[in-house]
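**Student:** After the structure tokens below, expect a handful of questions from me.
Number of protein chains: 2
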Amino acid sequence: MNFADSLTARTKEKSPVCVGFDPDLAKLPEGITKDADGVLEFGKGIIDAVAGTAAVFKPQLAFFEVLRWEGIKVFWDLCTYAKEKGLLVIADGKRGDIGSTCEAYAEAYLYEGSPIDALTVNPYLGIDGVRPFIERAVKYDKGLFVLVKTSNPSSGDLQDLPIGDEVVHEYLAQMVEGWGTQCLGPVSNFSSIGAVVGATYPEEMTYLRTLMPHIPFLIPGYGAQGGTAADSARGFIPDGTGAVVSATRSIIYASYGADWREAAGKATLEMAEELKRALNL
Amino acid sequence: MNFADSLTARTKEKSPVCVGFDPDLAKLPEGITKDADGVLEFGKGIIDAVAGTAAVFKPQLAFFEVLRWEGIKVFWDLCTYAKEKGLLVIADGKRGDIGSTCEAYAEAYLYEGSPIDALTVNPYLGIDGVRPFIERAVKYDKGLFVLVKTSNPSSGDLQDLPIGDEVVHEYLAQMVEGWGTQCLGPVSNFSSIGAVVGATYPEEMTYLRTLMPHIPFLIPGYGAQGGTAADSARGFIPDGTGAVVSATRSIIYASYGADWREAAGKATLEMAEELKRALNL
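So the sequence lines, in the order shown, correspond to chains A and B. For the first sequence, this note's numbering assigns the number -1 to the initial residue and increments by one for each residue that follows. For the second sequence, this note's numbering assigns the number -1 to the initial residue and increments by one for each residue that follows.
Encoded structure:
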């Protein structure tokens, strides 16, 4: 099934919650060893706790790379585990390079039968660095999320530079919409090409939704970074689809005590309910 | 020793050649198995062949990630091997993310005693995504190379957008120069913060050298991508320092036959001589 259709179906069935997973060894809860085995145990526990409520599991590659090859092994094991538990998996790597290198990244993550459904992609190198991901996405019913307006405080350094009457990220948004209309899901009418748009910039999000009517949004910045349910709601279309909202620290580190599983499950459920209220669902 | 001073000393002692390493399994030469073990053997052979001439070895992470955990193990083994053979090592990962994630990337690659001397960094998220690398670079005598104007055909999609009288990559160049003057090498007067500037855009390079007088350039695009020695020379300062020029396919795939080691060594030597002629050294 087309990725955008899968994403839309899953968010309707469960909720638009995407659980980010940034396993910092220094923050692992009570009873978990501070190593790759600990990350595997922690990750499986989080997946079990959230799979009934969340649509998406989003592991952040940096936190696995820091554990070298053992971390990468755990990364793939967790992607497979999350997939088995009915979650869609977005690998958060923000990859981007020249064409021949992006072919390798695309092959690494978006192949037939991969447990990974989509990858985040950095557009600074232009369409060359995005095209290999689009080709793979179309071929294997996978997706990608292009960074458009990120959630961090300095995202405006380049993304908000004024070009004529618009700013860089608005110009990029129109390019992404153009790429995206090549691969629309027949059911959802959303594209396999998504955009990352931070909850921490709600006004920008409202405008970006109009510039990218066919683009699903991956919305980071909810929770620890300060974005709210009302802010995030601006990225959806009126029927409550078209976006997933990602929270990481507020869910996976909801407790550092022995009750971390329950706390993560509870935080996910509360977030889902807050979003549904904000979306009038 | 400060990274920029090491880089300058090494290029004076040997040459400004940086050998890129993109081990595509489909292209491995005769007699090499098409797996992670083959990549290790191929990489060691290339390192042995080029270590006498080149200053830098630049493995491209994408081609290791595609081999999963076994590839990552080989990546680190090759970085260590290159370091032992007297090469500086630049990990080409083009990483970039929000601050807390970049802390993890910085910890993964730029720690005390790491065989990796520098990492390529994508600036699309602004200074938040660069600062953790700068802090590590200063603390551990490491370096980073920020993508400014990349070598690929579509690099202008975002990098050349006009903002007032300049374009995005020129504006970024001035930010990089500003960050860079915080960490100048006492001997070279170059910064630990470098910039990626493609040989395929020679006019832009000439101007970028004036905008970033303290920034060492990592110049890709030589050889297979079409950049020449004369084009690349524009990124250097008059004494023939301030840049390294990277070639990948024209060196590591100089022959697919049993003579690939000799061919890689010869291609490196020829490139070094071409660069020295173009730089009047």
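Beta carbons: idealized from backbone N, C-alpha and C, even for Gly.
For residue 224 of chain A, which of A:266, A:242, A:246 has the nearest alpha-carbon?
**Tutor:** Here residue 224 of chain A corresponds to residue number 226 of the first sequence, with the count starting at 1. Nearest option by C-alpha distance: A:246.
**Student:** What are the start and end residues of the alpha helix (DSSP H) that includes residue 237 of chain A?
**Tutor:** Residue mapping note: residue 237 of chain A aligns to position 239 of the first sequence, counting from 1. No alpha helix (DSSP H) contains residue 237 of chain A, which DSSP labels as neither H nor E.
**Student:** How many angstroms separate the CA atom of residue 139 of chain B from the CA atom of residue 112 of chain B?
**Tutor:** Here the question's residue 139 of chain B lines up with position 141 in the second sequence. Here the question's residue 112 of chain B lines up with position 114 in the second sequence. So the alpha carbons of these two residues sit roughly 11 angstroms apart.
**Student:** Is there a C-beta anywhere in chain B that falls below 8 angstroms from the one on residue 78 of chain A?
**Tutor:** As a first step, residue 78 of chain A is located in the first sequence; it is residue number 80 there, counting from the start. Judged by the 8 angstroms Cβ criterion, residue 78 of chain A is not in contact with chain B.
**Student:** Per DSSP, what kind of secondary structure is residue 209 of chain B in: helix, strand or coil?
**Tutor:** Position 211 of the second sequence, counting from 1, holds the residue named residue 209 of chain B. Three-state DSSP puts residue 209 of chain B in a helix.
**Student:** If you drop the 5 nearest sequence neighbours on each side, which residues of the same chain put their C-beta closer than 7 angstroms to that of residue 61 of chain B?
**Tutor:** Translated into the one-based positions of the second sequence, residue 61 of chain B becomes position 63. Around residue 61 of chain B: 20, 21, 22.
**Student:** Name the two residues that bound the continuous beta strand (DSSP E) containing residue 181 of chain B.
**Tutor:** Here residue 181 of chain B refers to the residue found at position 183 when the second sequence is read from its first residue. Residue 181 of chain B -> no beta strand (DSSP E), and no H or E assigned at all.
**Student:** For residue 342 of chain A, decide whether its Cβ has a neighbour in chain B, counting only Cβ atoms nearer than 8 angstroms.
**Tutor:** Summary: the structure shown does not reach residue 342 of chain A, with chain A confined to residues -1 through 279, and so no result is reported for it.
**Student:** In three-state terms, what does DSSP make of residue 31 of chain B?
**Tutor:** Counted from its first residue, the second sequence places residue 31 of chain B at position 33. Note: residue 31 of chain B maps to coil in three-state DSSP.
**Student:** Hey, quick one: how far does the alpha helix (DSSP H) through residue 19 of chain A stretch, first residue to last?
**Tutor:** Looking up residue 19 of chain A in the first sequence gives position 21. No alpha helix (DSSP H) holds residue 19 of chain A; the beta strand (DSSP E) holding it covers 15 to 19.
**Student:** Residue 32 of chain B: buried (16+ other C-beta within 10 angstroms of its C-beta) or exposed?
**Tutor:** Reading the second sequence from its first residue, position 34 is the one you call residue 32 of chain B. It counts as exposed.
**Student:** Would you say residue 96 of chain A faces chain B, with C-beta separation under 8 angstroms as the test?
**Tutor:** Indexing the first sequence from 1 puts residue 96 of chain A at position 98. Yes, residue 96 of chain A counts as interfacial toward chain B.
**Student:** If you measure between the beta carbons of residue 48 of chain B and residue 255 of chain B, is that distance less than 8 angstroms?
**Tutor:** For the purposes of this step, residue 48 of chain B is identified with residue 50 of the second sequence, where counting begins at 1. For the purposes of this step, residue 255 of chain B is identified with residue 257 of the second sequence, where counting begins at 1. No.
**Student:** Taking the alpha-carbon positions, what's the residue 309 of chain A to residue 122 of chain B distance?
**Tutor:** With chain A covering -1 to 279 only, the question about residue 309 of chain A has no answer from this structure.
**Student:** Report yes if the C-beta distance between residue 212 of chain B and residue 230 of chain B is below 8 angstroms; otherwise report no.
**Tutor:** By 1-based counting over the second sequence, the position of residue 212 of chain B is 214. By 1-based counting over the second sequence, the position of residue 230 of chain B is 232. Not closer than 8 angstroms, so no.
**Student:** Within 10 angstroms of the Cβ of residue 275 of chain B, are there 16 or more other Cβ atoms? Answer buried if so, exposed if not.
**Tutor:** Sequence index remark: in the second sequence, residue 275 of chain B carries index 277 (1-based). Exposed is the call here.
**Student:** Under 8 angstroms between the Cβ atoms of residue 127 of chain B and residue 3 of chain B?
**Tutor:** By one-based count along the second sequence, residue 127 of chain B stands at place 129. By one-based count along the second sequence, residue 3 of chain B stands at place 5. No; because the gap between Cβ atoms is not below 8 angstroms, this pair is not in contact.
**Student:** Hey, is the stretch 29 to 44 of chain B in contact with the stretch 62 to 72 of chain B, meaning 3+ C-beta pairs nearer than 8 angstroms?
**Tutor:** With a cut-off of 8 angstroms, the stretch 62 to 72 of chain B and the stretch 29 to 44 of chain B count as touching, because enough Cβ pairs lie within range.
**Student:** Mind pulling the chain B residues with CB within less than 8 angstroms of residue 194 of chain A?
**Tutor:** The residue labelled residue 194 of chain A in the question sits at position 196 within the first sequence. What residue 194 of chain A touches in chain B: nothing, since even the nearest Cβ is about 10 angstroms away.
**Student:** Quick one: which chain B residues come within Cβ less than 9 angstroms of residue 250 of chain A?
**Tutor:** Stepping through the first sequence from its first residue, residue 250 of chain A is reached at position 252. Chain B residues near residue 250 of chain A: none, gap ~13 angstroms exceeds 9 angstroms.
**Student:** Tell me, please, whether the CB atom of residue 199 of chain A is closer than 8 angstroms to any CB atom in chain B?
**Tutor:** The residue you call residue 199 of chain A lines up with position 201 of the first sequence. It does not; no Cβ of chain B falls within 8 angstroms.
**Student:** Indicate whether the contact test is met: 3 or more Cβ pairs, each with one atom in the stretch 187 to 206 of chain A and one in the stretch 140 to 152 of chain A, closer than 8 angstroms.
**Tutor:** Yes, the stretch 187 to 206 of chain A touches the stretch 140 to 152 of chain A.
**Student:** So for residue 96 of chain A, helix, strand or coil by DSSP?
**Tutor:** For the purposes of this step, residue 96 of chain A is taken as the residue at position 98 of the first sequence. Coil.
**Student:** Give me the chain A residues within the contact set of residue 106 of chain B, using Cβ-Cβ distance strictly less than 7 angstroms, ordered along the chain.
**Tutor:** On the second sequence, position 108 is the one that residue 106 of chain B refers to. Those are 60, 63, 64, listed as they occur along chain A.
**Student:** Within 8 angstroms, do at least three Cβ pairs link the stretch 77 to 85 of chain A to the stretch 87 to 94 of chain B?
**Tutor:** Cβ pair count under 8 angstroms is below three, so no.
**Student:** Step through the CB atoms of chain B and report whether any lies within less than 8 angstroms of the CB of residue 254 of chain A.
**Tutor:** Position 256 of the first sequence, counting from 1, holds the residue named residue 254 of chain A. No, no contact with chain B.
**Student:** Quick one, which residues of the stretch 136 to 158 of chain A are near chain B if we go by CB-CB under 8 angstroms, in chain order?
**Tutor:** Correct list: 145, 148, 149, 150, 151, 152, 153, 154, 155, 156, 157.
**Student:** Taking a Cβ distance cut-off of 8 angstroms, strictly less, list which residues of the stretch 121 to 135 of chain B are near chain A, in chain order.
**Tutor:** Within the stretch 121 to 135 of chain B, the residues whose Cβ lies closer than 8 angstroms to some Cβ of chain A are 121, 122, 123, 124, 125, 126, 127, listed in chain order.
**Student:** Count the other C-beta atoms from every protein chain shown that fall within 10 angstroms of the C-beta of residue 27 of chain A, then say buried if there are 16 or more, exposed otherwise.
**Tutor:** Taking the first sequence and counting its residues from 1, the one referred to as residue 27 of chain A is at position 29. So residue 27 of chain A counts as buried.
**Student:** Please go through the same chain and pick out, in chain order, the residues whose beta-carbon is closer than 8 angstroms to the beta-carbon of residue 95 of chain B, but skip the five residues on each side of it.
**Tutor:** Sequence index remark: in the second sequence, residue 95 of chain B carries index 97 (1-based). Taken in chain order, the residues that qualify are 103, 123, 127.
**Student:** State the beta-bridge partners of residue 164 of chain A as determined by DSSP.
**Tutor:** For this step, residue 164 of chain A is matched to residue 166 along the first sequence. Looking at the DSSP assignment, residue 164 of chain A forms a beta bridge with A:161.
**Student:** Flag this pair as yes or no: are the beta carbons of residue 216 of chain A and residue 242 of chain A separated by less than 8 angstroms?
**Tutor:** Mapped onto the first sequence, residue 216 of chain A falls at position 218. Mapped onto the first sequence, residue 242 of chain A falls at position 244. Against a cut-off of 8 angstroms, the Cβ pair of residue 242 of chain A and residue 216 of chain A comes out as a contact.
**Student:** Roughly how many angstroms lie between the CA atoms of residue 42 of chain B and residue 171 of chain A, to the nearest whole one?
**Tutor:** Along the second sequence, read from residue 1 onward, the residue named residue 42 of chain B stands at position 44. Along the first sequence, read from residue 1 onward, the residue named residue 171 of chain A stands at position 173. If you take the alpha carbons of residue 42 of chain B and residue 171 of chain A, they lie about 44 angstroms apart.
**Student:** Please name the residue, chosen from A:258, A:266, A:265, that lies closest to residue 25 of chain A on a Cα-to-Cα basis.
**Tutor:** Residue numbering aside, residue 25 of chain A sits at position 27 when the first sequence is read from its first letter. Ranking A:258, A:266, A:265 by Cα distance to residue 25 of chain A puts A:258 first.
**Student:** Roughly how many angstroms separate the alpha carbons of residue 79 of chain B and residue 107 of chain A, rounded to a whole number?
**Tutor:** By 1-based counting over the second sequence, the position of residue 79 of chain B is 81. By 1-based counting over the first sequence, the position of residue 107 of chain A is 109. Near 28 angstroms, if we compare the C-alpha coordinates of residue 107 of chain A and residue 79 of chain B.
**Student:** Identify, in the order they occur along the chain, each residue of the same chain with its Cβ nearer than 7 angstroms to the Cβ of residue 9 of chain B, setting aside the five sequence neighbours on each side.
**Tutor:** Position 11 of the second sequence, counted from the first residue, corresponds to residue 9 of chain B. Within the same chain, residue 9 of chain B has close Cβ partners 53, 239, 242.
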